[in-house]
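**Student:**
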Amino acid sequence: MGAFYAGFIAEELPVRVRFARGGRLELAEDMEKLGCMRALVLTTRHQAGQGEQIVSALGSKCVGLFSNATMHTPVEVTQEAMEVAQKLEADCLISIGGGSTTGLGKAIAYHTDLPQIVVPTTYAGSEATSILGQTEKGVKTTLMSERVQPEVIVYDAELVVGLPAAMTVTSGLNAIAHAVEGLYARDRNRLSDTLALQGIGAFVDGLPLVVDNPSDLDAREDTLFGSWLCGTVLGQVGMSLHHKLCHVLGGSLNLPHADTHAIILPHAIAYNESAAKACLAPVAALLGSKTAGAGFYDFAMKLGAPAALKDLGVTKSQLDLVADLAVKNVYWNPRPVERDEVYALLTRAWEGAPPA
Ligand code: NAD
Numbered sequence: 004m005g006a007f008y009a010g011f012i013a014e015e016l017p018v019r020v021r022f023a024r025g026g027r028l029e030l031a032e033d034m035e036k037l038g039c040m041r042a043l044v045l046t047t048r049h050q051a052g053q054g055e056q057i058v059s060a061l062g063s064k065c066v067g068l069f070s071n072a073t074m075h076t077p078v079e080v081t082q083e084a085m086e087v088a089q090k091l092e093a094d095c096l097i098s099i100g101g102g103s104t105t106g107l108g109k110a111i112a113y114h115t116d117l118p119q120i121v122v123p124t125t126y127a128g129s130e131a132t133s134i135l136g137q138t139e140k141g142v143k144t145t146l147m148s149e150r151v152q153p154e155v156i157v158y159d160a161e162l163v164v165g166l167p168a169a170m171t172v173t174s175g176l177n178a179i180a181h182a183v184e185g186l187y188a189r190d191r192n193r194l195s196d197t198l199a200l201q202g203i204g205a206f207v208d209g210l211p212l213v214v215d216n217p218s219d220l221d222a223r224e225d226t227l228f229g230s231w232l233c234g235t236v237l238g239q240v241g242m243s244l245h246h247k248l249c250h251v252l253g254g255s256l257n258l259p260h261a262d263t264h265a266i267i268l269p270h271a272i273a274y275n276e277s278a279a280k281a282c283l284a285p286v287a288a289l290l291g292s293k294t295a296g297a298g299f300y301d302f303a304m305k306l307g308a309p310a311a312l313k314d315l316g317v318t319k320s321q322l323d324l325v326a327d328l329a330v331k332n333v334y335w336n337p338r339p340v341e342r343d344e345v346y347a348l349l350t351r352a353w354e355g356a357p358p359a
């Protein structure tokens with residue numbers, strides 16, 4: 004697979020993106036632009052305190068706080084939150100949190116078309132896509148709709164200062180994964196490639212700095228910028244084997260999202276490197292490595308990322324099921340997805356070994 008492309012269409016939905024330290028306390032300005040007067044704030048239980056801060060900053064422009072956003076966006080929680088939004092006559096949603104909270108806001112917007120303001124506190128990048136993943140009776144499904152694309156994103160570096168070091172690293176690798184797979188996507192284009200390489204570069208430079216000094220606001224802002232770029236790539240082009248494996252592992256074994264991405268990334272990229280060498284060469288160069296797969300493994304290990312699926316509680320016997328599911332309904336991939344090869348990849352990821 005070469006790095007050549009000729010002609011492309013870029014379609015972007017109108018989104019207001021604001022980078023501002025302390026921006027979470029000035030959301031009335033964003034509401035005004037949307038013509039909204041009654042915000043419902045969404046958080047997880049864990050981040051209810053951050054939600055309260057926004058509630059008090061908004062005063063009469065806020066009608067309430069719903070602090071039960073839950074991982075994997077269960078439809079029952081969406082239903083409960085929609086009833087609250089309706090009862091309080093909310094005219095917009097403010098989601099402050101990671102991908103799970105953003106997911107709840109998107110799910111409500113999908114049914115109600117309420118405008119969303121998202122204030123991200125991780126690097127997952129969901130705020131930059133019109134993709135919604137949700138779970139019903141234990142089955143996770145994904146849809147794409149313009150209705151779920153948030154209208155406003157406010158990146159406030161002060162909020163990610165408190166993101167624990169371990170999550171900082173895994174969430175950063177999660178963001179990088181969107182951009183790297185974007186580089187060999189069938190529908191990639193000059194714009195998505197540019198965003199992807201800038202996004203990966205922002206994390207390669209910025210993650211070591213924020214791990215060393217979590218309060219480095221400049222580096223936090225740079226990594227948030229990277230997460231916007233990487234999330235935008237995810238929203239623009241198709242994903243491949245890496246995302247398929249993470250969806251299967253997350254869906255069938257209920258593994259933590261960002262940790263799974265961090266462990267699989269070097270292996271999935273190494274798997275595809277022979278078929279997409281030209282596309283991945285600039286990434287290897289950014290990492291100062293001969294190959295992108297080995298470069299990501301070394302980068303992740305230096306940052307203290309988890310390396311082994313067995314450390315997430317996966318048993319070796321479960322790898323058979325994962326390999327079987329991974330070769331069903333495969334996402335387009337630059338290299339054919341062979342069951343035995345995928346099993347070998349998973350075995351190395353399970354052990355925590357470097358990629359093949
Ligand atoms: P998360 O939102 O599930 O957060 C994990 C935990 O960390 C939560 O308890 C949360 O409250 C807490 N947390 C978040 N930010 C924090 C901070 N700054 N300080 C302290 N604690 C904090 O984690 P995530 O990795 O951001 O999101 C994962 C979910 O997002 C998955 O369900 C995934 O499928 C989804 N996702 C969707 C898209 C999309 O485009 N639809 C893209 C990426 C991820």
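Each residue of the sequence shown is one higher than the last, beginning at 4 in the numbering used here. Positions of the beta carbon are idealized from the N, C-alpha and C atoms, including for glycine.
Determine the closest residue to Thr46 out of Gly25, Ala23, Glu14 and Gly106, with distance taken between C-alpha atoms.
**Tutor:** Here the closest residue by C-alpha is Gly106.
**Student:** Assuming His75 and Lys140 form a contact by the criterion Cβ under 8 angstroms, report the distance between their Cβ atoms to the nearest whole angstrom.
**Tutor:** So it is not a contact: roughly 12 angstroms between Cβ atoms.
**Student:** List the residues that DSSP assigns as beta-bridge partners of Ala42.
**Tutor:** Cys65 and Cys95.
**Student:** I'd like the list of long-range same chain contacts for Arg342, defined as Cβ closer than 6 angstroms, with 5 residues on each side in sequence excluded.
**Tutor:** For Arg342, where only same-chain residues beyond five positions count, the Cβ hits under 6 angstroms are Ala326 and Val330.
**Student:** Note down, in chain order, each residue of its chain lying with its Cβ closer than 6 angstroms to the Cβ of Gln239, except the 5 sequence neighbours on either side.
**Tutor:** Closer than 6 angstroms at the Cβ level, and outside the excluded window around Gln239, lie Ser195.
**Student:** Applying the 10 Å Cβ sphere with the 16-neighbour rule, what's the burial state of Gly2?
**Tutor:** Here the chain covers residues 4 to 359 and nothing more, so residue 2 does not appear.
**Student:** Output the distance between the C-alpha atoms of Lys313 and Leu61, rounded to the nearest integer angstrom.
**Tutor:** C-alpha separation (whole angstroms): 45 angstroms.
**Student:** Are there any heavy atoms of the ligand NAD lying less than 6 angstroms away from the beta-carbon of His260, as far as the coordinates show?
**Tutor:** Flag set: Cβ of His260 near the ligand NAD.
**Student:** Jot down the residue ranges of each uninterrupted alpha helix (DSSP H) in the region 201-271, minimum 4 residues, whole runs only, in chain order.
**Tutor:** Within the region 201-271, the complete alpha helix (DSSP H) runs of at least 4 residues are 220-239 and 244-256.
**Student:** Examine the ligand SAH and report whether any of its heavy atoms sits within less than 6 angstroms of the Cβ of Leu166.
**Tutor:** The ligand SAH is not part of the structure shown, which contains the ligand NAD as its ligands.
**Student:** Where DSSP assigns a beta bridge to Gly136, which residues make up the other side?
**Tutor:** Partner(s): Thr145.
**Student:** Helix, strand or coil for Glu334, going by three-state DSSP, please let me know.
**Tutor:** The sequence given here places Tyr at residue 334; Glu does not occur at that position. Here Tyr334 sits in coil by DSSP.
**Student:** On a Cα-Cα basis, can you pick out the residue from Trp335, Ser98, Tyr113 and His114 that is closest to Ala130?
**Tutor:** Note on identity: in this sequence residue 130 is Glu, with Ala being the wrong assignment. The shortest Cα separation from Glu130 among Trp335, Ser98, Tyr113 and His114 belongs to Ser98.
**Student:** What first and last residue would you give for the beta strand (DSSP E) that runs through Ile120?
**Tutor:** Counting along the chain, the beta strand (DSSP E) containing Ile120 begins and ends at Gln119 to Pro123.
**Student:** Could you check where the alpha helix (DSSP H) with Tyr300 kicks off and where it finishes?
**Tutor:** Where Tyr300 is concerned, the enclosing alpha helix (DSSP H) stretches over Ala295 to Lys305.
**Student:** Is Leu289 closer than 7 angstroms to Ile156 when the C-beta atoms are compared?
**Tutor:** Taking 7 angstroms as the Cβ cut-off, Ile156 and Leu289 do not qualify as a contacting pair.
**Student:** Buried or exposed for Lys247, please, with buried defined as at least 16 other CB atoms from any protein chain shown within 10 angstroms of its CB.
**Tutor:** That one is buried.
**Student:** Determine the closest residue to Cys65 out of Glu149, Ala180, Gly54 and Ala273, with distance taken between C-alpha atoms.
**Tutor:** It is Gly54 whose Cα lies nearest to the Cα of Cys65.
**Student:** Should Phe302 be labelled buried (16 or more other beta-carbon atoms within 10 Å of its own) or exposed?
**Tutor:** Buried, by the Cβ-count rule.
**Student:** So Arg21 is in the beta strand (DSSP E); what residue range does that whole segment cover?
**Tutor:** Its beta strand (DSSP E) spans residues Arg19 to Phe22.
**Student:** Could you please give the first and the last residue of the uninterrupted alpha helix (DSSP H) stretch that includes Tyr158?
**Tutor:** Tyr158 -> not in any alpha helix (DSSP H); beta strand (DSSP E) instead, spanning Val155 to Tyr158.
**Student:** Cβ of Thr360 within 6 angstroms of any heavy atom in the ligand NAD?
**Tutor:** Since the first and last residues shown for the chain are 4 and 359, residue 360 lies out of range.
**Student:** Short check: CB of Pro211 to CB of Pro269, under 7 angstroms?
**Tutor:** Not closer than 7 angstroms, so no.
**Student:** Grab the span of the alpha helix (DSSP H) containing Met74 for me, first residue to last.
**Tutor:** Per DSSP, Met74 belongs to no alpha helix (DSSP H) and is neither H nor E.
**Student:** With burial defined as no fewer than 16 other Cβ atoms inside 10 Å of the residue's Cβ, what is the status of Asn275: buried or exposed?
**Tutor:** So Asn275 ends up on the buried side.
**Student:** Please report the Cβ distance between Ala18 and Glu154, rounded to the nearest whole angstrom; I am assuming they are in contact, meaning their Cβ atoms lie under 8 angstroms.
**Tutor:** Reading off the sequence, residue 18 comes out as Val, not Ala. With a Cβ gap of about 6 angstroms, Val18 and Glu154 count as contacting.
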